[in-house]
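Participant:
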Amino acid sequence: MKTLINGLHHVTAFASSAQKNVDFYVGVLGLRLVKKTINFDAPEVYHLYYGDEIGHAGTIMTFFPYKGMVRGRKGAHQLTYTSFSIPENALDFWMNRLNRFHITFEKPASRFDETYIQFEDPDGTGIELVATKNDTRPGWSNGSIPLDKSIRGFHTVTLHENQVDKTVELLTETMQHQLVVQEGNRIRLEAGKGGSGNLVDILFSPTDLKGLQGAGTVHHVAFSTDNEATQLEIREKLLAANIHPTTVQDRNYFRSIYFREPGGVLFEVATNVPGFAVDEDVTALGQHLKLPEWYEPRRSEIEKHLDPIEIKTYS
894 MKTLINGLHH VTAFASSAQK NVDFYVGVLG LRLVKKTINF DAPEVYHLYY GDEIGHAGTI
954 MTFFPYKGMV RGRKGAHQLT YTSFSIPENA LDFWMNRLNR FHITFEKPAS RFDETYIQFE
1014 DPDGTGIELV ATKNDTRPGW SNGSIPLDKS IRGFHTVTLH ENQVDKTVEL LTETMQHQLV
1074 VQEGNRIRLE AGKGGSGNLV DILFSPTDLK GLQGAGTVHH VAFSTDNEAT QLEIREKLLA
1134 ANIHPTTVQD RNYFRSIYFR EPGGVLFEVA TNVPGFAVDE DVTALGQHLK LPEWYEPRRS
1194 EIEKHLDPIE IKTYS
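Put into C-alpha cells, the structure is as follows:
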C-alpha cells in the first residue's frame, strides 16, 4: 500500500506572549526558532515555529501568541499533551534543568514501558519528555544543551476523547495508522515506519469536561504527507469516508488541508515540501519576520501590531 500519511508533522497551540513563548521553547527546551512569520488568517498575530535545525516534519511545535489571551482549559475533545523524545540517559539532565528554571513537573512515571515527565509551559500547554532508546534522529543543540541530551522531536501526542471508536476508525481505516498497544484507557497507534514522531495516543475519559480554547490549549495537530500529490490522494480518501476536508491551503512552507475528526479535534494534513528554507538560508532561520508575498504590501502595517522578539543568550 502506498504511504500517504507518514506520521506527525506539527502541533499548533495558543499562547499569550510571544517573548515568553520564545523564552520557554528556545531558552528552556532548546528548540530552534525556525520561522518567525504571521498567522495567515490573522496577520496581526505572529506564527512562531520551533523545531530541530531545519524544522523537519515531526519536530515542529508552533504557536499563535495572542497578546494577553485568557488561559483556556485542557479537557475532552482536545489534544492535551504533546510529548517530545529525549535520549534514554537524559532524564536527570532535564529534571535538573527544569528545577533550575523553577518549572514544576510531575515525578517520573512509566507508560508503555517508557519513562516520562510531565509539565506545562507558562500558559499551561501540556508537555511531556519521554526517554527513549530507539530514536535515531540527531536533535539540535543551541549551545546550552548538549547534543546528546537534546530533544529529538515529537514522540507522540495525546488526544483526549469522550468516545474513541470513530476516531480509531478514522485513523486506522482512512489515515493509515495501526493499533500498537492498549493500556487501561489509553490506546496507541502508529503510522509510517512507526516509533517516535509517528505515534498517536488516544486517552478515553467518557465523563471529562470539554476543553475550552484559549492560551495553553492546542489549535490543531498536523500529519505529514510527502507532497501535494499524496495530499490530494488522502483528501480523496477522506471524502470517500464522509469526512469533509477543506480545499488545499497555501501555507508557504507546506500545503495544508483541515478537517475535524469525530471527537472534535482539528486535524491537518501538511506536505513535507517545500520546507522552511524556501525563503531564507538555513543558517538564518527564524531571524527575520517572513511574510508570504500576498502580505508584503502590508508589511509596515502588520509590523506595527507585532511586539519585537529577542532571542537571548540562554544558559
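Note that our numbering has the sequence shown beginning at 894, numbered continuously upward.
Virtual Cβ for every residue (Gly too), placed ideally from N, Cα, C.
These numbers come from a predicted model, not from an experiment.
(1) Going straight from the alpha carbon of residue 1076 to that of residue 1082, what length do you get?
(2) I need the straight-line Cα distance from residue 958 to residue 915, nearest angstrom please.
(3) Over what stretch of residues does the alpha helix (DSSP H) that includes residue 988 continue unbroken?
(4) Please go through the same chain and pick out, in chain order, the residues whose beta-carbon is closer than 6 Å to the beta-carbon of residue 1055, but skip the five residues on each side of it.
(5) Output the boundary residues of the beta strand (DSSP E) element that contains residue 1120.
(6) Drop a sphere of 10 angstroms on the beta-carbon of residue 1137, count the other beta-carbons inside from all chains shown, and report buried for 16 or more, exposed for fewer.
(7) Using the C-alpha atoms, what's the distance from residue 895 back to residue 1119?
(8) Mind checking whether residue 998 and residue 1042 have CB atoms under 7 Å apart?
(9) Would residue 1140 and residue 1151 qualify as a contact pair, given that the criterion is a beta-carbon distance under 7 Å?
(10) Using a Cβ-Cβ cutoff of less than 7 Å, which residues in the same chain neighbour residue 946 once the five nearest sequence positions on both sides are dropped?
(11) Under 7 Å Cβ to Cβ from residue 961, same chain only, skipping five residues before and after it: list those, please.
(12) Using DSSP bridges, identify the partner residues of residue 925.
(13) Would you check if the distance between the CB atom of residue 1178 and the CB atom of residue 1169 is smaller than 7 Å?
(14) Provide the residue(s) that pair with residue 1019 in DSSP beta bridges, ordered along the chain.
(15) Taking only runs that begin and end inside the segment 1079-1140, name each unbroken alpha helix (DSSP H) of 4 or more residues, in chain order.
(16) What would DSSP say about residue 1193, mapped onto helix, strand or coil?
(17) Can you tell me which of the three DSSP states residue 1071 falls into?
(18) Check for me: the beta strand (DSSP E) holding residue 1062 runs from which residue to which?
(19) Check whether the Cβ atoms of residue 1024 and residue 979 sit closer than 7 Å, and answer yes or no.
(20) Residues in the same chain with beta-carbon distance under 7 Å from residue 1071, minus the five sequence neighbours each way, listed in chain order, please.
(21) Just the Cα atoms here: how many angstroms apart are residue 1148 and residue 938?
(22) Look at the Cβ atom of residue 906, then the Cβ atom of residue 1018, and state whether they are nearer than 7 Å.
(23) Comparing alpha-carbon positions, which option in 1165, 1133 and 1016 lies nearest residue 911?
(24) If residue 1067 and residue 1131 are in contact, beta carbons under 8 Å, what's the gap, nearest whole angstrom?
(25) Using the DSSP secondary-structure output, state which residues sit across from residue 1047 in a beta bridge.
(26) Exposed or buried, what is residue 1117 when buried is set at 16 or more other beta-carbons lying within 10 Å of its beta-carbon?
(27) Taking Cβ positions only, does residue 939 come closer than 7 Å to chain B?
(28) Do you know offhand how far residue 1009's Cα is from residue 1058's?
(29) What does DSSP give as the partner residues of residue 1142 in its beta bridges?
(30) Along the beta strand (DSSP E) that carries residue 915, what are the first and last residues, could you check?
(31) Taking just the CA atoms, how far does residue 953 sit from residue 976?
(32) Which one of 1047, 967, 1003 and 988 has the shortest CA to CA distance from residue 943?
Facilitator: So, from the data block:
(1) The straight-line gap separating the alpha-carbon atoms of residue 1076 and residue 1082 is approximately 12 Å.
(2) Just so you know, the alpha carbons of residue 958 and residue 915 end up roughly 10 Å apart.
(3) Residue 988: member of the alpha helix (DSSP H) spanning 984-993, first to last residue.
(4) Around residue 1055: 969 and 1099.
(5) For residue 1120, no beta strand (DSSP E) encloses it, and the DSSP letter there is neither H nor E.
(6) In the assembly as shown, residue 1137 is an exposed residue. Its beta-carbon has fewer than 16 other beta-carbons within 10 Å.
(7) About 11 Å.
(8) No; because the gap between Cβ atoms is not below 7 Å, this pair is not in contact.
(9) Their beta carbons are not under 7 Å apart, which means residue 1140 does not touch residue 1151 by this criterion.
(10) So the list reads 925 and 1033, once near-sequence residues are dropped.
(11) Answer for residue 961: 909, listed in chain order.
(12) Its beta-bridge partners are 944.
(13) Cβ atoms of residue 1178 and residue 1169: closer than 7 Å.
(14) According to DSSP, which records beta bridges pairwise, residue 1019 is partnered with 974 and 1013.
(15) For the segment 1079-1140, whole alpha helix (DSSP H) runs of length 4 or above, ordered along the chain, are 1121-1133.
(16) In this structure, residue 1193 counts as helix in the three-state DSSP scheme.
(17) Looking at residue 1071 - three-state DSSP - the assignment turns out to be strand.
(18) Counted as a single uninterrupted DSSP element, the stretch harbouring residue 1062 is not any beta strand (DSSP E) but the alpha helix (DSSP H) occupying residues 1058-1062.
(19) Cβ distance < 7 Å, so residue 1024 and residue 979 count as in contact.
(20) For residue 1071, the CB contacts under 7 Å within the same chain, skipping 5 residues up- and downstream, are 1065, 1082 and 1083 in chain order.
(21) Distance between the alpha carbons of residue 1148 and residue 938: 20 Å.
(22) Against a cut-off of 7 Å, the Cβ pair of residue 1018 and residue 906 comes out as a contact.
(23) Residue 911 has its Cα closest to that of 1016, out of 1165, 1133 and 1016.
(24) About 6 Å separates the two Cβ atoms, so the contact holds.
(25) Bridge partners of residue 1047 according to DSSP: 977.
(26) The residue is buried, with at least 16 neighbouring Cβ atoms inside 10 Å.
(27) No chain B appears in this structure, which consists of one protein chain only.
(28) Computed Cα separation, rounded: 27 Å.
(29) In DSSP, residue 1142 forms a bridge with 1149.
(30) Not the beta strand (DSSP E): residue 915 falls in the alpha helix (DSSP H), residues 911-915.
(31) When only Cα atoms are considered, residue 976 and residue 953 end up about 12 Å apart.
(32) Comparing Cα positions, the closest option is 1047.
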